Amino acid sequence: MQNRAIFIKGARQHNLKNLNLEIPLNHITVITGVSGSGKSSLAFDTLYAEGQRRYVETFSPYARQFMDRMDRPQVDRIEGIPPAIAIDRKDPVRTSRSTVGTMTEITDYVKLLYAHLGQLHCKGCGKPVIPETPEHVWQALKDLPAGREVVITFPWSVTGEEAEQGRRELARMGFDRCFEEGQIKSLDNRETGDGTELLHILADRVLLKPAHRKRIIDSIEQAFRFGGGKLDVWIRPDQHLAFSNALECADCHLSYRPPLPNLFSFNSPVGACENCRGFGRTIDIDLELIIPDPTLSLEEGAIKPWGDWQDHRMEFEDMMAFCRRKKIPSDIPFQHLTKAQQTSLVEGTPSYYGVRGFFRWLESRTYKMHVRVFLSRYRSYAVCPECHGTRFKEEALLYRLGGLNIGKVYALNVDEADTFFQTLHVPAGDEAGHLVLGEVCGRLRYLRDVGLGYVALDRQSRTLSGGEVQRVALASALGSSLVNTLYVLDEPSIGLHPRDNHRLIRIMKGLTDLQNTLVVVEHDPEIISQSDFMLDLGPGAGEHGGEVMYFGPTKGVKGSLTGQYLKGKRHIPVPQSRRKPKEDQWLTVKGAAEHNLKEIDVPIPLGLLVCLTGVSGSGKSTLAEEILYKAIKWAKWDSQGRPGRHETVQGLEQIVDVVLVDQRPIGRTPRANPLTYTKAAEPIRHLLADTADARQRGFGPGHFSFNVAGGRCETCRGEGFEKVEMQFLSDVFITCSECDGKRYKEEILEVAYKGQTIYDILSMTVDQALDFFDDQPKVQVALEPMADVGLGYMRLGQPINTLSGGEAQRLKLSRYLKAGDHISRLFIFDEPTTGLHFDDIEKLLAGLQRLVAAGNSVLLIEHNMDVVKTADWVIDLGPEGGNDGGRVVVAGPPEEVAADRQSHTGRFLAAYLSDPRRLRHGTASPPSISEPAEPFSQAVAIRGAREHNLQNLSLSIPRNQLVVLTGVSGSGKSTLAFDILFAEGQRRYLESLAPYVRQYIKILERPDVDVVSGLPPTVAIEQRISHASRRSTVATLTEIYHFLRLLYSKLGSQHCTGCDRPLTVQTQDQIVDQIQHRYGKKHALVLAPMVAGRKGFHKDVLTQSLRRGYQEARIDGRLATLKANMALSRYHEHTIELLVGRLPTPNLDDVVGRALKEGHGSLLIVDSKGNEEVCSLRGICPACGIGLPASAPR
14 MQNRAIFIKG ARQHNLKNLN LEIPLNHITV ITGVSGSGKS SLAFDTLYAE GQRRYVETFS
74 PYARQFMDRM DRPQVDRIEG IPPAIAIDRK DPVRTSRSTV GTMTEITDYV KLLYAHLGQL
134 HCKGCGKPVI PETPEHVWQA LKDLPAGREV VITFPWSVTG EEAEQGRREL ARMGFDRCFE
194 EGQIKSLDNR ETGDGTELLH ILADRVLLKP AHRKRIIDSI EQAFRFGGGK LDVWIRPDQH
254 LAFSNALECA DCHLSYRPPL PNLFSFNSPV GACENCRGFG RTIDIDLELI IPDPTLSLEE
314 GAIKPWGDWQ DHRMEFEDMM AFCRRKKIPS DIPFQHLTKA QQTSLVEGTP SYYGVRGFFR
374 WLESRTYKMH VRVFLSRYRS YAVCPECHGT RFKEEALLYR LGGLNIGKVY ALNVDEADTF
434 FQTLHVPAGD EAGHLVLGEV CGRLRYLRDV GLGYVALDRQ SRTLSGGEVQ RVALASALGS
494 SLVNTLYVLD EPSIGLHPRD NHRLIRIMKG LTDLQNTLVV VEHDPEIISQ SDFMLDLGPG
554 AGEHGGEVMY FGPTKGVKGS LTGQYLKGKR HIPVPQSRRK PKEDQWLTVK GAAEHNLKEI
614 DVPIPLGLLV CLTGVSGSGK STLAEEILYK AIKWAKWDSQ GRPGRHETVQ GLEQIVDVVL
674 VDQRPIGRTP RANPLTYTKA AEPIRHLLAD TADARQRGFG PGHFSFNVAG GRCETCRGEG
734 FEKVEMQFLS DVFITCSECD GKRYKEEILE VAYKGQTIYD ILSMTVDQAL DFFDDQPKVQ
794 VALEPMADVG LGYMRLGQPI NTLSGGEAQR LKLSRYLKAG DHISRLFIFD EPTTGLHFDD
854 IEKLLAGLQR LVAAGNSVLL IEHNMDVVKT ADWVIDLGPE GGNDGGRVVV AGPPEEVAAD
914 RQSHTGRFLA AYLSDPRRLR HGTASPPSIS EPAEPFSQAV AIRGAREHNL QNLSLSIPRN
974 QLVVLTGVSG SGKSTLAFDI LFAEGQRRYL ESLAPYVRQY IKILERPDVD VVSGLPPTVA
1034 IEQRISHASR RSTVATLTEI YHFLRLLYSK LGSQHCTGCD RPLTVQTQDQ IVDQIQHRYG
1094 KKHALVLAPM VAGRKGFHKD VLTQSLRRGY QEARIDGRLA TLKANMALSR YHEHTIELLV
1154 GRLPTPNLDD VVGRALKEGH GSLLIVDSKG NEEVCSLRGI CPACGIGLPA SAPR
């Protein structure tokens, strides 16, 4: 019997309370609930983790070790779960090389189009460079008047010394005349000069007539052959035509290489601009940052990094000495110095280093942190002057497709690019060209469908919002057209204006029409109302969540917290009165023209809660972040990059500073927690250090930190657990046996403040801590904002990387709610409601109102109408996205915006102001899918299969049934089963994985077939796999061998290779005594093992070692000097051992201690003959004194 649901029994992941659920297949199920109620724990850590793990286990152990190995969820049983694909809002790749085009693989196909169809244009004259054939030459000649004399020649170079030999060679081939100065001359009678000459050797002289076509074409072919692909045609009396059958401009005589696909990739050295290396920007010192105020004199500190006469910097003294020698006045404004004087100060002279020389010297010391910080203050990015931001070499930009070079194509937004490629002409018989063009158009169409038509193809991934990243991934998933797959989505509506929600809903319904199952974590009421089923978790967050409050059809939701908001029984109230702008308190951006902004003037009232709204791509982030934020920081001498194009910002004197709170995660390390993030840890550590117990034992505040050595447990380094790497299985985290997970040494946990140890304090909730420290103002001030934003339930020691998105957003906000300084700041929040439930939004709004009440100004970039309706002032940009946006549609109180008929925001805002109900039901038509399955078809449809010997086969194979393929040997059974069905099903699933993973997996080629639809992810169990190499055994085939390797490496006890005794544990003192006894005054190296046989660049390991003062390392058996930015070959296995010291040494204790610390308990002694000996805290032979390296699965 076919399952119609995913059965979950006993889900206990994180805070889930032993849930038993049946998630319906082929429907949209929305998971809702307050932040921290367990939504992601169920959707991602349980459903996705198990669905992905089961399918990925069908891959080889080698491939699996490169995949995102998620932990097996804490659940008793899950049945009926299909292969799972996660589309979440994690940050995109942070490298500047990643763009919208590379993320969607559009660039991979466009580079093939340019290599295949691109038309080269000469960089000298701009004419098309076409390899010309004899037919091309005839077409150029045939329209000339008949009967004219035509002379066909080919070029031949000769030098004076070799002239006679060249003449004999030409005569042997039948050529004895040349064309020179309009005359035909004999080569025998011609005098030869001393240098190299270019002769035009006569191939034929003929009258131009249609009847002579064959003779003329034969002569042209002969001239091309002997002229090395070049020929000239001379038409009496004075006309001259040049032709070339190579990629060469016949007029300019410039040759070009045949194009390779990588010439059109900015991530390849073949095509990347050599100046900016394919980034499109270069970093250099910014004179506007170095000399921010040219009205100051040199003495007054015009050159900011060198200070003035009061700072006594050496560079300032050198400059003043140079000025005295060169008679440069140092007491007049810098701008009044002559151009030559300014240049000598900035560029330097042979006797003086100047500003540039100083910064060049600094760049040689970037391995020091403070130098990098100093440089960052005075450098900025500028568009590359060589490629003008296109990222490509000049050679790549010479090719045009549809009249555009590849740089201009990537500068188009998705809507423009779609129009361009839809109208691009591809020759009718060019199957390869049509196939590649179809892939490009398909991906662009999906990007439009998910509401990203305004995004440029060359936009960096790092600049996309979380919602935009997720919708790009959703577009890629649509392209795969898989069925019977579980898609898990995390708030796909983030960053999407309510006007565009219908597009997203249409796509989600389209995925379920293909018989996929969607589980969506969502807070948007419109997305929720269009789902089939709703699962509401609660009642609270953290320990108070993880229970099912409602699960059933969305339209039947009743008493749960989410249901009350959807039905209008609870709602976020409209303020009874709104603050009004004051006449003299405005911040006005004049002439904003960055990206799509249309030179607009935007007045922003200060002292109010202001919302900046508009459809996606209307220019909100450009205005708020690229122009306003950066311009204020620039004006306040705290540059965060060059501001976007604008004339000026008026009213800056009314604010002291600007703070940007965006969607970046607050931390990824498990060492950070609410106590450290709020800065409450410091006063608490001092309280513990001031106790009598602590003073008696000599403990300072640092002893109560698990991030530094001293008081932390050294076995787990203060983490509370030990990580066991399991290669192709997910890593295992074991509670530390030494500290029992408490992170501190036993003697530290004996110190208590008011009866509570540091571990007890970390285990408290925020609310409990506020009661406990009610007499400590510093702790109260730090923790109270957390309670104000509704995080009173959170434990002080909870790692920040385990917080939900909504909890992290509110924790970030709490940092700015501290009572106190009454400084007038402008706060810019980029979609602060990300990840927040209706109930959480109420708490967030209360916090924002507190900020405004304290004298600050708040500017929100927001799509959530519940927030917009509570604002004092709304500025709506639009009216559309992309080129049709960038204007102020309306500005004023929410009621005024709601009344404006031109505003998309106003239309939705009006509904929110008048009706608290959010649960509305409507219909949404499914999207167009490039390979549509028949509605609810139970078959895999194959059309036009021509792989190997299949004869344009079309058939339907029933799903969920046992189907047998039969036929005589060689009839095409394996071709159909493995080369089409298996290859295509696996390939489509793998396309959803990261490119990093795919490079290690053998992805089967796309089969020769027109359409395969209704295909789920596939698994192959082949007979031929048994005919592997001689190393293949039953154990390797069944993977028992791999699990045995892990078992022995993790649980086996090591024995001495000499006498077979078990190894015994040694202390550091015993290791020092052993080295002194064995080596005495012998010369040897003391090495700390860092990396053992692992692939990768290992740049971080080498850089951090250099920073800690180590100068040498043994890399793959050879000593090497460590250098800044050193990296190894990525695809080779490397072994890295740091050189900590040399024997003999008077500081053996210190050398051994540092080596054991760097080597995680092991060190290596290598004598002058190359003999090696391992010393380890983990084990050594009591009889032979032999140590062994830590066992590994290898």
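Reminder that position 535 of the sequence shown reads as 548 in this note's numbering, one-by-one numbering, no gaps. Glycine residues also receive a C-beta, built at the ideal position from the N, C-alpha and C atoms. Since this is a predicted model, take the numbers as computed values, not measurements.
- [ ] Find the nearest neighbour of residue 68 within the set 98, 295 and 608, judged by alpha-carbon distance.
- [x] 98
- [ ] Starting from residue 1127, follow its DSSP beta bridges and name the residues at the other end.
- [x] According to DSSP, residue 1127 bridges with 1132 and 1150.
Task: Contacting residues, own chain, Cβ-Cβ under 8 angstroms from residue 1051 (five flanking each side not counted) - done: none
TODO: Would you mind reading off the limits of the alpha helix (DSSP H) that contains residue 359?
DONE: DSSP places residue 359 inside the alpha helix (DSSP H), whose first and last residues are 352-360.
TODO: Sort 836, 889, 826 and 269 by Cα distance to residue 858 and report the nearest one.
DONE: 826
TODO: Starting from the Cα of residue 852, find the closest Cα among 875, 893 and 804 and give me that residue.
DONE: Looking at 875, 893 and 804, the one whose alpha-carbon comes closest to that of residue 852 is 804.
TODO: Could you name the residues of the same chain whose beta carbon sits closer than 6 angstroms to that of residue 22, not counting the 5 residues immediately before and after it, in chain order?
DONE: 33, 89 and 90
Task: Rounded straight-line distance, which links the Cα of residue 484 to that of residue 948 - done: For residue 948, the pLDDT reaches just 45, beneath the cut-off of 50, and the residue's location in the model is therefore unreliable, although a value from the coordinates is still provided. Residue 948 and residue 484: Cα-Cα distance of roughly 25 angstroms.
Open item on the list: Less than 8 angstroms between the C-beta atoms of residue 93 and residue 272, yes or no?
Closed with: Contact check for residue 93 against residue 272 fails: the beta carbons are separated by 8 angstroms or more.
- [ ] Inspect the beta-carbon positions of residue 686 and residue 822 and report whether they are closer than 8 angstroms.
- [x] no
- [ ] Give the secondary structure of residue 121 by DSSP, where H, G and I count as helix, E and B as strand, and everything else as coil.
- [x] If DSSP states are grouped into helix, strand and coil, residue 121 belongs with the helices.
Task: Residues near residue 398 in its chain [Cβ-Cβ closer than 8 angstroms; skip 5 each side] - done: Non-local beta-carbon contacts of residue 398 in its own chain, meaning distances under 8 angstroms to residues more than five positions away in sequence, involve 288 and 295 in chain order.
TODO: Using three-state DSSP, classify residue 36 as helix, strand or coil.
DONE: strand
Task: Per-residue burial, residue 931 [other beta carbons within 10 Å of its own, 16 or more giving buried] - done: buried
TODO: Taking all protein chains shown into account, decide if residue 935 is buried (16 or more other Cβ within 10 angstroms of its Cβ) or exposed.
DONE: Residue placement at residue 935 is poorly supported in this model, since its pLDDT is 44, which falls under 50; the coordinates are not used for a value here.
Task: Validate contact between the stretch 178-185 and the stretch 147-158 using beta carbons, cut 8 angstroms, 3 pairs - done: no
Task: Whole-angstrom C-beta distance between residue 367 and residue 357, which should lie under 8 angstroms - done: Confirmed, about 7 angstroms.
Task: CB of residue 1098 within 8 angstroms of CB of residue 1155, strictly - done: yes
Open item on the list: Can you give me the C-alpha to C-alpha distance between residue 1157 and residue 799, rounded to a whole angstrom?
Closed with: 56 angstroms
Open item on the list: Tell me whether the stretch 907-926 and the stretch 865-880 touch, counting them as touching only if at least three CB pairs, one residue from each stretch, are closer than 8 angstroms.
Closed with: yes
TODO: Output the boundary residues of the alpha helix (DSSP H) element that contains residue 982.
DONE: Unbroken run through residue 982: none, as it is neither H nor E.
Task: Opposing strand residues paired with residue 134 [DSSP bridges] - done: 141
- [ ] Quick one: measure Cβ to Cβ for residue 899 and residue 466, integer angstroms, because I've assumed they're closer than 8 angstroms.
- [x] Actually they do not touch by this definition, with Cβ atoms about 15 angstroms apart.
Task: Pairwise C-alpha distance: residue 873 and residue 675 - done: If you take the alpha carbons of residue 675 and residue 873, they lie about 10 angstroms apart.
- [ ] For the alpha helix (DSSP H) containing residue 434, list its first residue and its last residue.
- [x] 427-435
- [ ] Would you list the residues sitting across from residue 958 in a DSSP beta bridge?
- [x] 966 and 1022
Task: Alpha-carbon to alpha-carbon, residue 412 and residue 285 - done: A straight line joining the alpha-carbon of residue 285 with that of residue 412 spans about 15 angstroms.
Open item on the list: Please return the same chain residues whose Cβ sits closer than 7 angstroms to the Cβ of residue 1146, not counting the five positions on each side in sequence.
Closed with: 1106, 1107 and 1108
Open item on the list: Run through the DSSP bridge pairs and tell me what residue 268 is partnered with.
Closed with: 261
- [ ] Give a yes or no on whether the C-beta atoms belonging to residue 445 and residue 276 are separated by under 8 angstroms.
- [x] no
Open item on the list: Please report the straight-line C-alpha distance between residue 434 and residue 204, rounded to a whole angstrom.
Closed with: 59 angstroms
Open item on the list: Going by C-alpha to C-alpha distance, which of 895, 665, 709 and 783 sits closest to residue 839?
Closed with: 665
Open item on the list: Whole angstroms are fine: how far does the CA of residue 278 sit from the CA of residue 613?
Closed with: 36 angstroms
TODO: With a 10 Å radius around its C-beta and 16 neighbouring C-beta atoms as the bar for buried, classify residue 66 as buried or exposed.
DONE: buried
TODO: Look up residue 115 in the DSSP assignment and say whether it is helix, strand or coil.
DONE: helix
TODO: Taking all protein chains shown into account, decide if residue 41 is buried (16 or more other Cβ within 10 angstroms of its Cβ) or exposed.
DONE: Label assigned to residue 41: buried.
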